[in-house]
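S.K.:
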Amino acid sequence: MEAPFNTIIPPSDLALKNGMDKHSLRSSLSVIMSTVELIEKHYLKGNTEECLNRLANIKLIVKDIVETMDVSQDSYSVFSGVTYSYVTDFELREFLEDICYTYKNYLKEDQSLHINMVPEELHLFQNEKILYAVLTNLIQNAIKYSPEGSSISINVSVEDRLKISVVDEGIGIPESEKIKIFKKYYRASNTGDYSGRGVGLYQIKKYLEFLNGCITVHDNANKGTVFSVYLDYSLRN
487 MEAPFNTIIP
497 PSDLALKNGM
507 DKHSLRSSLS
517 VIMSTVELIE
527 KHYLKGNTEE
537 CLNRLANIKL
547 IVKDIVETMD
557 VSQDSYSVFS
567 GVTYSYVTDF
577 ELREFLEDIC
587 YTYKNYLKED
597 QSLHINMVPE
607 ELHLFQNEKI
617 LYAVLTNLIQ
627 NAIKYSPEGS
637 SISINVSVED
647 RLKISVVDEG
657 IGIPESEKIK
667 IFKKYYRASN
677 TGDYSGRGVG
687 LYQIKKYLEF
697 LNGCITVHDN
707 ANKGTVFSVY
717 LDYSLRN
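Everything in the sequence shown is counted per the working numbering, starting at 487 for the first residue and increasing by one.
Okay, here's the thing in structure tokens:
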């Protein structure tokens, strides 16, 4: 079951989104190429099992590319400056487990990614594709800015709104810069050793505005950062 809603997107944001899509696609294709090279090496060594594992990784990356393309079509199919986006009925834990299954292949050595969810089961009526784009971007950042052996968690709770937090043990964000981190092209001063353009968090904020949601950022009690997404939601009867 799907229900549409409309929202206006400025041309400058459309251009930015197109650039982000190209960047994301190039990154994914780079990972595929690296994986193919590893398959060639393992094939020459006669390691069939490892070849099959790497091929499975490629399938997951291709699935991720398709999801990204679906998000672009869903949220940026522009006709006279109007986008049409759709909400669907889905089970949240299954949705999050699919994301974790895909992104475990992107984890650094001994990193972990897990879900803490209360309640255990939650059926939502929400825009699944845009939520996928928001959460995968946050998880990619958590992986990139966290060291080997660190833990990344997705915490879910329900009060007046649905709250989904991505918690990492990474480099953190300087306190004075938290208010700026969602601005277009802004990058925190401690991210110089990492690649990036400073558009991902800005785009997440825009996505959530389309869904009448919001995002906050604060320090993890131990080390790292907590990004919390807040959304209105409808439960399935």
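Think of the CB as a built atom: it goes at the ideal place given N, C-alpha and C, for glycine as much as any other residue. Predicted model only: the values in this text are computed from it and were never measured.
(1) Below 8 Å between beta carbons: does that hold for L694 and V620?
(2) Kindly confirm or deny that the region 582–595 and the region 664–680 touch, where touching means at least three C-beta pairs closer than 8 Å.
(3) Would you kindly check if the distance between the Cβ of Y671 and the Cβ of R683 is under 8 Å?
(4) Is the beta carbon of H609 less than 8 Å from the beta carbon of D575?
(5) Under three-state DSSP, which class holds L546?
(6) Among residues of its own chain, excluding the 5 on either side of V642, which ones have a beta-carbon nearer than 6 Å to its beta-carbon?
(7) Drop a sphere of 10 angstroms on the beta-carbon of H704, count the other beta-carbons inside from all chains shown, and report buried for 16 or more, exposed for fewer.
(8) How about E697 and L717: are their beta carbons less than 8 Å apart?
(9) K692 to R540, Cα distance in whole Å?
(10) Can you grab the Cα-Cα spacing for the pair N676 / I638, in whole Å?
(11) Using a Cβ-Cβ cut-off of 7 Å (strictly less than) and excluding sequence neighbours within five positions of N623, which residues of its own chain qualify?
(12) K630 to Y680, Cα distance in whole Å?
(13) Can you tell which of Y592, L648, N591, G635 has the C-alpha that lies nearest to the C-alpha of F611?
(14) Could you give the distance in angstroms between the alpha-carbon of T521 and the alpha-carbon of V653?
(15) Express the C-alpha separation of I525 and G635 in angstroms, rounding to a whole number.
(16) Measuring CA to CA, which of E595, V552, F713, F581 is closest to E606?
(17) Span of the beta strand (DSSP E) holding K649?
(18) Going by the DSSP bridge assignment, what does M519 pair with across the sheet?
(19) Would you call V573 buried or exposed, if buried means 16 or more other Cβ atoms sit within 10 Å of its Cβ?
(20) Quick check on the burial criterion: 16 or more other C-beta atoms within 10 angstroms. Buried or exposed for D550?
(21) Around the C-beta of K615, are 16 or more other C-beta atoms found within 10 angstroms, so that it is buried, or is it exposed?
(22) My output table needs one value for V568: the three-state DSSP class, helix, strand or coil.
(23) So which of L593, G532, N706 has the shortest CA-CA distance to N543?
M.R.: On the basis of the coordinates in this document:
(1) yes
(2) no
(3) Yes, these two residues count as a Cβ contact at 8 Å.
(4) Taking the C-beta atoms as reference points, D575 is found nearer than 8 Å to H609.
(5) helix
(6) M603, I650
(7) exposed
(8) The question names Glu, but residue 697 is Leu in the sequence shown. In contact: L697 and L717 (Cβ atoms closer than 8 Å).
(9) 35 Å
(10) 20 Å
(11) G686, I690
(12) Using only the alpha carbons, I get a separation of about 8 Å.
(13) L648
(14) 28 Å
(15) 25 Å
(16) F581
(17) 648–653
(18) DSSP lists no partner for M519.
(19) buried
(20) Buried, because 16 or more other Cβ atoms sit within 10 Å of the Cβ of D550.
(21) So K615 ends up on the buried side.
(22) Confidence is the limiting factor: at V568 the pLDDT is only 49, short of 50, which leaves the residue's position unreliable, though a coordinate-based value still follows. V568 falls in the strand class under three-state DSSP.
(23) L593
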